[in-house]
Structures are given as structure tokens and as C-alpha cells.
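> In our numbering, the protein residues as written are 131 to 296. The beta-carbon is built from N, C-alpha and C at its ideal position, and this holds for glycine as well.
#1: Taking just the CA atoms, how far does residue 195 sit from residue 279?
#2: Which residues bound the beta strand (DSSP E) around residue 285?
#3: So within the segment 163-205, which uninterrupted beta strand (DSSP E) runs reach at least 3 residues, ignoring any that extend past its ends?
#4: With respect to the alpha helix (DSSP H) encompassing residue 222, which residues constitute its N-terminal and C-terminal limits?
#5: Measure the Cβ-Cβ separation of residue 290 and residue 156 and say whether it is below 9 Å.
#6: I'd like to know if the segment 194-209 and the segment 265-277 are in contact, where contact means that at least 3 CB-CB pairs between them fall below 8 Å.
#7: Please report how far the alpha carbon of residue 174 lies from the alpha carbon of residue 242, in whole angstroms.
#8: Given a cut-off of 9 Å, decide if residue 152 and residue 293 are closer than it, judged by their beta-carbon atoms.
#9: Would residue 182 be called buried (16 or more neighbouring beta carbons within 10 Å of its own) or exposed?
#10: Should residue 180 be labelled buried (16 or more other beta-carbon atoms within 10 Å of its own) or exposed?
#11: For residue 149, which residues of its own chain have a beta-carbon under 8 Å away from its beta-carbon, when the five flanking residues on both sides are left out?
#12: Have a look at 288, 177, 244, 285 and flag the residue whose alpha-carbon is nearest the alpha-carbon of residue 192.
#13: Taking all protein chains shown into account, do 16 or more other C-beta atoms lie within 10 angstroms of the C-beta of residue 214, making it buried, or fewer, making it exposed?
#14: Let's see if you can read the secondary structure: which residues bound the beta strand (DSSP E) around residue 263?
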């Protein structure tokens, strides 16, 4: 009897989903092309949401690519390869369902109208959808890189610095 009770408790312990929070420490516009964008504005508001405002003054080329990477910190340096480093056609990134696509949708980019038209784009306070993220994620500081690239030129380069806490 004791063995069965222990087995039930052990199976519940091993199958319990972890709970974690993501705190957005900062968001930085690293670079932007003055040919394609006016100076973007980005910050974290007091509700831990990302706010980005940008004006697109020239439509990006259809061959533009999107790059997304996640790197963890060790001893204050972002050096831990998480295995998440993706480069896709920009229009394909608009349809990514977990992180990149929802962020672009929050900005106002439409996957059915890609590349996006000239216009003003922005978020009203974007938050990650926790229901699309893994059940467990190692607590650490991270750097998220999101770039729009064309050939060798960075059209837009945004970095977000989240901290995962249990």
C-alpha cells in the first residue's frame, strides 16, 4: 500500500508543470535604417509590457529576412546558446505562432500584406502570451534579438532583455 501511495505522489511531482514569470527589464533599438524607418521609440511600460512605435517610410524589399535569436547570460555576459536562432523570409516570420508573429501582429503588420506598406506602426503594450511558451524555462537573464535584414544591411534591430524567475 505504501508503495502505491509513494508512486502516486512521485508521478504527480514529476508531471507537475512549472510556473515562472517573465520580467522585461529593457527593450533597445540597436540599429535602424534611415532609408526605411524614422527613429523608432521603444520602452517597457510600468505594467511590464513592451511599447514600440515606428514609422516605415519605404516598403522593405520582398527578399527581406527576419532574424530571431535567444541567448542566455552567464556571469553578466550573453554567451549561453539556447538553440533558438532562426532566420526566415520576413513574410514567413509574420505567420510564426509563438513569439515573433504575435509581436509583428501587435505592431500592426498584416501577414496578408507583406512586406508591410509605408505607415505608422506600434504596440499598445505587448505582453508575451504565456500559454504559447514552454511549461518550464530555466531561470536566467536573456537577450532576445529581433532583426529585419536585407542582404548585408540591418533595416531594424531590436533587443529585448527578459529575466525568467520561478
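Taking the structure as given:
#1: What you label residue 279 is simply residue 149 of the chain shown in a count that begins at 1. What you label residue 195 is simply residue 65 of the chain shown in a count that begins at 1. Distance between the alpha carbons of residue 279 and residue 195: 5 Å.
#2: As a first step, residue 285 is located in the chain shown; it is residue number 155 there, counting from the start. Run containing residue 285: 283-295, per the beta strand (DSSP E) assignment.
#3: Unbroken beta strand (DSSP E) runs of no fewer than 3 residues, entirely contained in the segment 163-205, are found at 171-174, 180-186, 195-204, following chain order.
#4: Numbered from 1 along the chain shown, position 92 holds the residue referred to as residue 222. Unbroken alpha helix (DSSP H) run through residue 222: 220-223.
#5: The residue given as residue 290 occupies position 160 in the chain shown. The residue given as residue 156 occupies position 26 in the chain shown. Yes, the pair counts as a contact, with Cβ atoms nearer than the cut-off.
#6: yes
#7: Locating residue 174 in the chain shown gives position 44, where the first residue counts as 1. Locating residue 242 in the chain shown gives position 112, where the first residue counts as 1. Each residue's Cα considered, the two are about 29 Å apart.
#8: Within the chain shown, the letter at position 163 stands for residue 293. Within the chain shown, the letter at position 22 stands for residue 152. Yes, the pair counts as a contact, with Cβ atoms nearer than the cut-off.
#9: For the purposes of this step, residue 182 is taken as residue 52 along the chain shown, with counting starting at 1. Residue 182 comes out buried.
#10: Taking the chain shown and counting its residues from 1, the one referred to as residue 180 is at position 50. Counting Cβ neighbours within 10 Å, residue 180 comes out buried, since at least 16 surround it.
#11: As a working mapping, residue 149 is identified with position 19 in the chain shown. Result list for residue 149: 296, in chain order.
#12: As a working mapping, residue 192 is identified with position 62 in the chain shown. Here the closest residue by C-alpha is 244.
#13: The residue labelled residue 214 in the question sits at position 84 within the chain shown. With fewer than 16 other Cβ atoms within 10 Å, it is exposed.
#14: Working through the chain shown from its first residue, we reach residue 263 at position 133. Note, residue 263: premise wrong, no beta strand (DSSP E); not H, not E.
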